[in-house]
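Oh and the sequence shown: position 274 is 274 in full-length UniProt numbering, straight run, nothing missing.
Ideal Cβ placement from N, Cα and C applies to all residues, glycine included.
Computed from a predicted structure; not experimentally measured.
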Amino acid sequence: MDCEVDCMSYRDPDFLTLAATSWASARGYTISSEQAATGTMETKQFTLASSCNSTLAGGTYDSTGPNTSYLDGSASSMFLVVSALLAEATSNQTYIDAAVESAAFIQSNLLTPSNIVQTSIESNSNKSSSCSVSQITTPYGSGAFIEGLAILAGIPHNTSTESLLRSVIFNVANDSLWHGVDGVYNRFNNGGHYIVRALASLYERNKTSSDLREYIKEYIGVQYNAVIELARTSRESAIYGLPWTGPPGTSFDGVNQTAALTALLSAIQLADNPITSTTLLPPPQSSSGSPSSAKKDSAGIIAGSVVDGIVLLAALIFGTLFLRKLHRQRNDSTLVVNGRSPLLTPFTTTQNMASSGISREQHRRDQEKPARCPGVAMGGEPSSLGAADTGSVGIVGANVRTEPMDAPGAQVASPENLPHDRREHTLIEELLRTLNYRISRDGWNAEEMPPCYHEGQAM
Numbered sequence: 001m002d003c004e005v006d007c008m009s010y011r012d013p014d015f016l017t018l019a020a021t022s023w024a025s026a027r028g029y030t031i032s033s034e035q036a037a038t039g040t041m042e043t044k045q046f047t048l049a050s051s052c053n054s055t056l057a058g059g060t061y062d063s064t065g066p067n068t069s070y071l072d073g074s075a076s077s078m079f080l081v082v083s084a085l086l087a088e089a090t091s092n093q094t095y096i097d098a099a100v101e102s103a104a105f106i107q108s109n110l111l112t113p114s115n116i117v118q119t120s121i122e123s124n125s126n127k128s129s130s131c132s133v134s135q136i137t138t139p140y141g142s143g144a145f146i147e148g149l150a151i152l153a154g155i156p157h158n159t160s161t162e163s164l165l166r167s168v169i170f171n172v173a174n175d176s177l178w179h180g181v182d183g184v185y186n187r188f189n190n191g192g193h194y195i196v197r198a199l200a201s202l203y204e205r206n207k208t209s210s211d212l213r214e215y216i217k218e219y220i221g222v223q224y225n226a227v228i229e230l231a232r233t234s235r236e237s238a239i240y241g242l243p244w245t246g247p248p249g250t251s252f253d254g255v256n257q258t259a260a261l262t263a264l265l266s267a268i269q270l271a272d273n274p275i276t277s278t279t280l281l282p283p284p285q286s287s288s289g290s291p292s293s294a295k296k297d298s299a300g301i302i303a304g305s306v307v308d309g310i311v312l313l314a315a316l317i318f319g320t321l322f323l324r325k326l327h328r329q330r331n332d333s334t335l336v337v338n339g340r341s342p343l344l345t346p347f348t349t350t351q352n353m354a355s356s357g358i359s360r361e362q363h364r365r366d367q368e369k370p371a372r373c374p375g376v377a378m379g380g381e382p383s384s385l386g387a388a389d390t391g392s393v394g395i396v397g398a399n400v401r402t403e404p405m406d407a408p409g410a411q412v413a414s415p416e417n418l419p420h421d422r423r424e425h426t427l428i429e430e431l432l433r434t435l436n437y438r439i440s441r442d443g444w445n446a447e448e449m450p451p452c453y454h455e456g457q458a459m
């Protein structure tokens, strides 16, 4: 089949002649529609089954033996490729009909429900196993089937062939029997060579949807990277091994080298034909390009620009709101008090704050004017309990502990005898202790009024 590929690649008439000769030789072992109807072939010495799942026309034997009766999936797929290549090169109806016949045979008799090509089908009507299918699947037949469909899909344009091709590609490229979770072909055979070559053939013809082309590009790229990174010992080495997942090859093997070469050559056209998206500028349109496609590309660019503008505007609005909120929080931070503030660290004094917090003069003034807060007696002491006996100050129910009083006989300065700055310091300490207890017990509430105290204690 390589000569047929060379014919298409180099447009050499000598290769075209060789391809036609090769096809004629294989045609003698491929069942025609007339042979399927009569049940006889000149090259086989048994009666053909008249019909299995469908007609056997288009099936190819992989052996020239007169009694070999299994129609082979790989041989049939190869004949499909040769017929399609010749049809593409010559537009000869004979080749077109042969390609369509082979594709129909494989689809009707050898495809699994998931569109993987099975190995073979028994064609001898005299055997008890007549029409039985070997359910073994290999990448050889599936890869060649994809390549034949890829060529046939454009001779002429056929929607049903394109739909079948898409399904086969997806299932073959994702078959877990041949690929690891990383998508690399991991078998110890050269079956990956046929899959990669088939997908490269479709990619080169550029007669499929952009999403499928992108999928093919990614698949070939994965195999290429595996070949150059995992299948050889170093970047300087030209010896490749199988599988492509490693270990690297250490000695020359023709099969391994050919398989690796297919992956390397298939990747060349990926760089020559980059896939563009709507976020990039479209390639220059040729004179034969349709106006509608140019409009779609322009619409895609405009739509992308609009979306980018909306995203940028939303980001600016969000940033402005965030900065304003942060600014308000900073302005209000001086009013926020919590229990972890160092200014509210609990402390003790060296005297009974309940009995020494108010001067006599302040007490006299307190007797002359009403208290601001109900339930609190003049002088800041609880009206129901003796603060001096319990050691609590300022607020009913508060339980702020103070240090014990000095032992009897010790000299303790009375509030009247304290220096003015010391007395002010003592009153501030008492207020802070009261405030600390209140916040520790009830928590901070920004809406709450300050704690109640006697006006005589205001500094």
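With burial defined as no fewer than 16 other Cβ atoms inside 10 Å of the residue's Cβ, what is the status of N256: buried or exposed? Of the other Cβ atoms in all chains shown, 16 or more fall within 10 Å of the Cβ of N256; this residue is therefore buried.
Using only the alpha-carbon positions, how far apart do N436 and E430 sit? If you take the alpha carbons of N436 and E430, they lie about 10 Å apart.
Give the DSSP-derived three-state secondary structure of I301 in the structure shown. Only weak support exists for where I301 lies, its pLDDT of 43 falling under 50; the coordinates are left without a value.
Simplified DSSP state of E210, which is helix, strand or coil: Note on identity: in this sequence residue 210 is Ser, with Glu being the wrong assignment. It is helical.
I'd like to know if the region 72 to 83 and the region 141 to 153 are in contact, where contact means that at least 3 CB-CB pairs between them fall below 8 Å. Short answer: they touch.
Does DSSP classify N124 as helix, strand or coil? It is a strand residue.
Taking all protein chains shown into account, decide if P247 is buried (16 or more other Cβ within 10 angstroms of its Cβ) or exposed. So P247 counts as exposed.
Can you have a look at G192 and say buried or exposed, based on whether 16 or more other CB atoms are within 10 angstroms of its CB? Per the 10 Å Cβ criterion, buried.
What do you reckon, are the CB atoms on A103 and V196 nearer than 8 Å? Contact flag unset, no.
Out of L165, Q93, S51, which one is the CA nearest neighbour of N124? When each option's Cα is compared against that of N124, the closest is S51.
Length of the line joining the Cα atoms of T17 and N92: Cα to Cα, the separation comes out at about 14 Å.
Which residues DSSP lists as bridging S134, in chain order: S120.
Please determine, among S25, A99, T159, the residue with the shortest C-alpha to C-alpha distance to T64. Selected option, being the one with the closest Cα: S25.
How would you write the range of the alpha helix (DSSP H) that L165 sits in, first residue to last? 159 to 173 is the span of the alpha helix (DSSP H), which, as asked, contains L165.
Return the CA-CA distance between R235 and V181, expressed in angstroms with no decimal places. Taking the straight line joining both Cα atoms gives about 25 Å.
For S33, which residues from the same chain have a beta carbon less than 6 Å from its beta carbon, with the 5 sequence-adjacent residues on both sides left out? Excluding residues within five positions, the ones whose Cβ falls inside 6 Å are A57.
How many angstroms separate the CA atom of I155 from the CA atom of E88? Cα-Cα distance, rounded: 7 Å.
If you compare alpha carbons, which of S266, A238, A267 is closest to D253? Measuring C-alpha to C-alpha distances from D253 to each of S266, A238, A267 identifies A238 as the nearest.
Using DSSP with H/G/I as helix, E/B as strand and the rest coil, what is L71? Under the three-state reduction of DSSP, L71 is assigned to strand.
Is there contact here, the region 129 to 147 with the region 106 to 121, by at least three beta-carbon pairs under 8 Å? The region 129 to 147 vs the region 106 to 121: in contact.
Counting only the same chain and skipping the five closest in sequence on each side, list residues whose C-beta sits under 7 Å from that of A122. One detail in the question is off: residue 122 reads as Glu in this sequence, not Ala. The beta carbon of E122 sits closer than 7 Å to the beta carbons of S69, Y70, S129, S130, C131, S132 from its chain, once the five residues preceding and following it are set aside; these are given in chain order.
Give every residue of the same chain whose Cβ lies closer than 7 Å to the Cβ of E204, excluding the five residues on either side of it in the sequence, and list them in chain order. When the five nearest sequence neighbours on each side are left out, the beta carbons in the same chain lying within less than 7 Å of the beta carbon of E204 are those of Q269, in order along the chain.
What's the call for I428, buried or exposed, on a 16-neighbour Cβ count within 10 Å? With fewer than 16 other Cβ atoms within 10 Å, it is exposed.
So, at 7 Å on beta carbons, what are the nonlocal neighbours of Q107 in its own chain, with the 5 sequence-adjacent residues on each side left out? Only L164 meet the Cβ criterion.
R197: first and last residue of the uninterrupted alpha helix (DSSP H) it sits in: For R197, the uninterrupted alpha helix (DSSP H) segment begins and ends at 191 to 205.
Helix, strand or coil at R27 according to DSSP, with G and I counted as helix: In this structure, R27 counts as helix in the three-state DSSP scheme.
Short check: CB of V222 to CB of G249, under 8 Å? Contact flag unset, no.
Have a look at Q45 and G39 and give me their C-alpha separation to the nearest angstrom. If you take the alpha carbons of Q45 and G39, they lie about 11 Å apart.
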